[in-house]
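FYI, the numbering for the sequence shown is 132 to 344, going by the working numbering.
Just so you know, even glycine gets a beta-carbon here, dropped at the ideal spot from N, CA and C.
Right, one structure below, let's go through it.
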Amino acid sequence: MEQVLEKLFESVPRVRLLRLFMRNPEAEFTFPDIVKRSQLRSRALRVELKKLLKIGLIKKKRAILRYEIVRKSRSRKKPPKIIIKTKRTQVFLTNQDFPFLKELQDLIIRATAASRKKLIRQIKGLGKIKLAVLSGIFINSDNSRTDLLIVGDGIKKSLMEKFLEQVESELGRSLQYTVMDTAEFKYRLDMYDRFLRDILEYPHDKLINKLHV
Numbered sequence: 132m133e134q135v136l137e138k139l140f141e142s143v144p145r146v147r148l149l150r151l152f153m154r155n156p157e158a159e160f161t162f163p164d165i166v167k168r169s170q171l172r173s174r175a176l177r178v179e180l181k182k183l184l185k186i187g188l189i190k191k192k193r194a195i196l197r198y199e200i201v202r203k204s205r206s207r208k209k210p211p212k213i214i215i216k217t218k219r220t221q222v223f224l225t226n227q228d229f230p231f232l233k234e235l236q237d238l239i240i241r242a243t244a245a246s247r248k249k250l251i252r253q254i255k256g257l258g259k260i261k262l263a264v265l266s267g268i269f270i271n272s273d274n275s276r277t278d279l280l281i282v283g284d285g286i287k288k289s290l291m292e293k294f295l296e297q298v299e300s301e302l303g304r305s306l307q308y309t310v311m312d313t314a315e316f317k318y319r320l321d322m323y324d325r326f327l328r329d330i331l332e333y334p335h336d337k338l339i340n341k342l343h344v
């Protein structure tokens, strides 16, 4: 299943856009939002957006966005002042009237987002990993407590953040993830922690299991 969608839909950029819009059909994205979430270069992104607009899978419109500006007070006794501002901008969204929307959503959701070998290699590079469990979005389950559980020691925060950004850009959706060290995991497991039990007793996929749970 590795790279099936890339071969079917010609390019990695298009697949990332399809995942983003198909997994978030009600969302509206500005161009900077899409750049950040897809981790694509602006030039390649504009080309693919044009193609999706042309076939009618997505559409664009003008929208009013609200944002906050925090101004620090000169006096330490006074709290910062929060100013609410608005601006008109262009947003992109899924066209709910696209003829094959449901079929395309099913295909995108069912397709494997990343190969097991690739995920295992990436996760092992985060630190001394003892357990890695896939759930939720990785197994097409909407009722899971988390999408990814990682147990290990010496996990570097910077590497973890980079790994999550990469995987989220490929999936087209934010991940619910849980990271804990080995001691905490064993303690919570011995205490019959409900959160861990829900993950391990319901459908999941163990990528790494040095703890033999």
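Own chain partners of Arg319 with C-beta closer than 6 Å, once the 5 adjacent residues on each side are dropped
Leu327
Since Phe294 contacts Leu257 with CB under 8 Å, what's their CB separation in whole angstroms?
6 Å
Cβ neighbour criterion (16 or more within 10 Å) applied to Leu148
buried
With a Cβ-Cβ cutoff of 7 Å, do Ile351 and Val310 count as a contact?
No statement about residue 351 is possible, as the shown extent of the chain runs from 132 to 344 and does not include it.
Just the Cα atoms here: how many angstroms apart are Asp273 and Leu306?
12 Å
Alpha helix (DSSP H) containing Lys249: first to last residue?
The continuous alpha helix (DSSP H) containing Lys249 extends over residues 247 to 255.
For Thr277 and Glu133, the rounded distance between their alpha carbons
With a pLDDT of 44 at Glu133, under the threshold of 50, the modelled position of that residue is not reliable, and the figure given next carries that caveat. Near 23 Å, if we compare the C-alpha coordinates of Thr277 and Glu133.
Per-residue DSSP class, three states only, for Tyr333:
coil
What are the residues that DSSP puts in a beta bridge with Gly283?
BP columns for Gly283 point to Ile260.
Assuming Gly283 contacts Ile260 under a Cβ cut-off of 8 Å, what Cβ separation, rounded to an integer in Å, is found between them?
Right, the Cβ-Cβ distance comes to about 4 Å (below 8 Å), so this counts as a contact.
Along the chain, where does the beta strand (DSSP E) containing Gln221 start, and where does it finish?
Where Gln221 is concerned, the enclosing beta strand (DSSP E) stretches over 212 to 225.
Is any non-hydrogen atom of the ligand PLP found closer than 6 Å to the C-beta of Lys293, if you look at the structure I gave you?
This structure simply doesn't include the ligand PLP, nor any ligand for that matter.
Under a three-way DSSP split, which group does Arg172 fall into?
coil
Among residues of its own chain, excluding the 5 on either side of Ser204, which ones have a beta-carbon nearer than 8 Å to its beta-carbon?
Pro210, Pro211, Lys212
Measuring CA to CA, which of Ile286, Thr313, Gln227, Ser275 is closest to Leu342?
Here the closest residue by C-alpha is Thr313.
For Ser266 and Arg325, the rounded distance between their alpha carbons:
Roughly 16 Å separates the two Cα atoms.
Please name the residue, chosen from Arg193, Val146, Ile186, Gly187, that lies closest to Glu159 on a Cα-to-Cα basis.
Arg193
Compare the beta carbon distance of Leu196 and Thr220 with 7 Å and say whether it is the shorter of the two.
yes
Rounded to whole angstroms, what's the CA-CA distance from Arg174 to Leu279? Just pull it up for me.
Rounded to whole angstroms, Arg174 to Leu279 spans 32 Å at the Cα level.
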